[in-house]
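*Asks:* Add 8 to a position in the sequence shown, counting from 1, and you land on the number used in the working numbering.
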Amino acid sequence: MNIIRTVASLKKEVRYFQLDNQSIGFVPTMGFLHEGHVTLARKARKENDVVIMSIFVNPLQFGPNEDFERYPRDEARDTALAEEAGVDILFLPSVEEMYPDEPSVTLTVHKRTNALCGLARVGHFDGVATVVMKLFHLTEADRAYFGKKDAQQLAVIHGLVDSLNVPIEIVDVDTVREPDGLAKSSRNVYLLPEEREKAPAIYKALQLVAESIEAGETNIAHLKQKARRVLEEQTGAEIDYMEILSYPELESLDSVSGTIIAAAAVKYKNARLIDNLILPMKGSAPCFAQ
Ligand code: PAF
């Protein structure tokens, strides 16, 4: 595996792969890799000649009171995991390399942000879209791999690619979970032992939505109420949101129809966790995220 830290060296490698007609799969990450990232890399490995992974904690997507400084970093461990997953090029730029000056152009996302995490994290998805677009240009990848755990991010990235005709295929990859159902996340390391024990109830609440729909419930308010009760009684966390919306548009609904997302965010002492289930209803058109 080749570790590259500069834009110039990455461009050189990419040019070589293209001259050689090799397909490029790209896995963008912020590091502190876990099984979710490894799954993305393995899938990219299977489907492409070359796999590029980036590790870059992007300051543009963190608000002033968020955890940019505190975001977990472990380059040595990440390097070993990336190599094991079959990554060919690990791109590890510094902030100065990615943003040598204050950017004169950044992207603004107009849809799919006025809900879920977008409400509390104003400007977050503008920062994500901007860095992802830069990384797409730098890697010139054929395919990019994103996890469904960040379902709103995935909806925004699909919107970005569609709106700006970016010549790349976005591959949606299922959420990887611990055996007890907790979605894998770099932020799980911040959970206190008693919080870690209760956190799987987030997934339980979402599963209850799926089961209730399966049993015939269609009223969104009732479904949200049921899920909220599980979150309140079993997670031991403060509920940030428990929403059921259309997907990928992320618009409000009164009753279940089309593809929907049940999504929750809860706050523990040192970590805010998110999770979701994307549920295509019978008879609805297939959704990209399934
Ligand atoms: O999901 C992430 O880790 C980040 O938001 C991403 C896509 C790498 C952009 O910084």
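Here a beta-carbon is modelled for each residue, glycine too, at the ideal position from N, C-alpha and C. Owing to the predicted nature of the structure, the values given are computational and were not obtained by experimental measurement.
Which residues mark the beginning and the end of the alpha helix (DSSP H) in which Asp134 is found?
*Replies:* Start and end: His132 to Thr147.
*Asks:* Whole angstroms are fine: how far does the CA of Gly39 sit from the CA of Asp283?
*Replies:* Distance between the alpha carbons of Asp283 and Gly39: 19 Å.
*Asks:* Which same chain residues end up closer than 6 Å to Gln69 when comparing Cβ atoms and leaving out the 5 residues on each side of it in sequence?
*Replies:* Closer than 6 Å at Cβ, skipping near neighbours: His132, Gly135 and Val136.
*Asks:* Hey, Leu100 and Arg13 are a contact pair by Cβ (cut 8 Å); roughly how many whole angstroms apart?
*Replies:* Contact holds; Cβ gap of about 5 Å.
*Asks:* What are the residues that DSSP puts in a beta bridge with Pro36?
*Replies:* The partner list for Pro36 (beta bridge, DSSP) reads Ser62.
*Asks:* For the alpha helix (DSSP H) containing Asp86, name the first residue and the last one.
*Replies:* Its alpha helix (DSSP H) spans residues Glu83 to Glu92.
*Asks:* When we look at the beta-carbon of Lys20 and count the other beta-carbons within 10 Å, is it buried (16 or more) or exposed?
*Replies:* Exposed.
*Asks:* Looking at the unbroken alpha helix (DSSP H) that takes in Arg236, where does it start and where does it end?
*Replies:* Arg236 -> alpha helix (DSSP H) spans Ile228 to Gln242.
*Asks:* Decide yes or no for the touch test of the stretch 224-243 against the stretch 186-202: beta carbon pairs closer than 8 Å, at least 3 of them.
*Replies:* With a cut-off of 8 Å, the stretch 186-202 and the stretch 224-243 do not count as touching, because too few Cβ pairs lie within range.
*Asks:* Any chance the CB of Val139 is under 7 Å from a heavy atom of the ligand PAF?
*Replies:* Answer for Val139: yes, Cβ within range of the ligand PAF.
*Asks:* Just checking my contact of Ile32 with Val58 at CB under 8 Å: how many whole Å lie between their CB atoms?
*Replies:* Confirmed, about 5 Å.
*Asks:* Go to Tyr24, then tell me how far its alpha helix (DSSP H) extends in each direction, as first and last residue.
*Replies:* Its alpha helix (DSSP H) spans residues Val15 to Leu27.
*Asks:* How would you label Ile265, buried or exposed, when you count the other beta carbons within 10 angstroms and need 16 or more for buried?
*Replies:* In the sequence as presented, Ile is not what sits at residue 265; that position holds Ser. Answer is exposed; the Cβ neighbour count stays below 16.
*Asks:* Cβ atoms of Pro208 and Leu190: under 8 Å apart, would you say?
*Replies:* Yes.
*Asks:* Tell me whether the beta-carbon of Thr121 lies closer than 8 Å to the beta-carbon of Lys157.
*Replies:* Not in contact: Thr121 and Lys157 (Cβ atoms no closer than 8 Å).
*Asks:* Counting beta carbon pairs with one atom in the stretch 41-49 and one in the stretch 86-94, are three or more of them shorter than 8 Å?
*Replies:* Yes: the two stretches touch, three or more of their Cβ pairs being nearer than 8 Å.
*Asks:* Can you look up Cys295 in the DSSP assignment and give me helix, strand or coil?
*Replies:* Here the model assigns Cys295 a pLDDT of 44, short of 50, so the residue's position is not dependable, and the following value carries that caveat. Of the three classes helix, strand and coil, the one that applies to Cys295 here is coil, per DSSP.
*Asks:* Given a cut-off of 8 Å, decide if Glu251 and Leu162 are closer than it, judged by their beta-carbon atoms.
*Replies:* Cβ atoms of Leu162 and Glu251: not closer than 8 Å.
*Asks:* Quick check on DSSP: helix, strand or coil for Tyr211?
*Replies:* Reduced to three states, the DSSP call for Tyr211 is helix.
*Asks:* Where does Arg204 sit, in a helix, a strand or coil, going by DSSP?
*Replies:* It is helical.
*Asks:* Should the stretch 136-153 be regarded as contacting the stretch 169-177, the criterion being three or more beta carbon pairs within less than 8 Å?
*Replies:* Short answer: they touch.
*Asks:* Output yes or no for whether 8 Å exceeds the beta carbon distance between Ile268 and Tyr276.
*Replies:* Cβ atoms of Ile268 and Tyr276: not closer than 8 Å.
*Asks:* Note down the Cα distance separating Glu257 from Val181, rounded to an integer number of angstroms.
*Replies:* Rounded to the nearest angstrom, the two C-alpha atoms are 19 Å apart.
*Asks:* Please report how far the alpha carbon of Glu110 lies from the alpha carbon of Thr138, in whole angstroms.
*Replies:* Using only the alpha carbons, I get a separation of about 13 Å.
*Asks:* Give me the residue from Leu115, Leu281 and Ser220 with the minimum Cα distance to Ile247.
*Replies:* That would be Leu281, whose Cα lies nearest to the Cα of Ile247.
*Asks:* Run through DSSP, which three-state label would Ile286 get?
*Replies:* Correct three-state label for Ile286: strand.
*Asks:* Give me whichever residues DSSP pairs with Ser254 in a beta bridge.
*Replies:* Answer is Ile268.
*Asks:* From what residue to what residue does the beta strand (DSSP E) around Asp304 run?
*Replies:* Residue 304 lies beyond the residue range present for the chain, which begins at 9 and ends at 298; the question has no answer from this structure.
*Asks:* Taking the alpha carbon of Val272 as the reference point, which residue from Asp262, Ser263, Met289 and Thr243 has its own alpha carbon closest?
*Replies:* Looking at the sequence shown, residue 272 is not Val but Ala. Answer by Cα proximity: Thr243.
*Asks:* Distance check for Glu83 and Ile228, CA to CA, integer angstroms please.
*Replies:* If you take the alpha carbons of Ile228 and Glu83, they lie about 44 Å apart.
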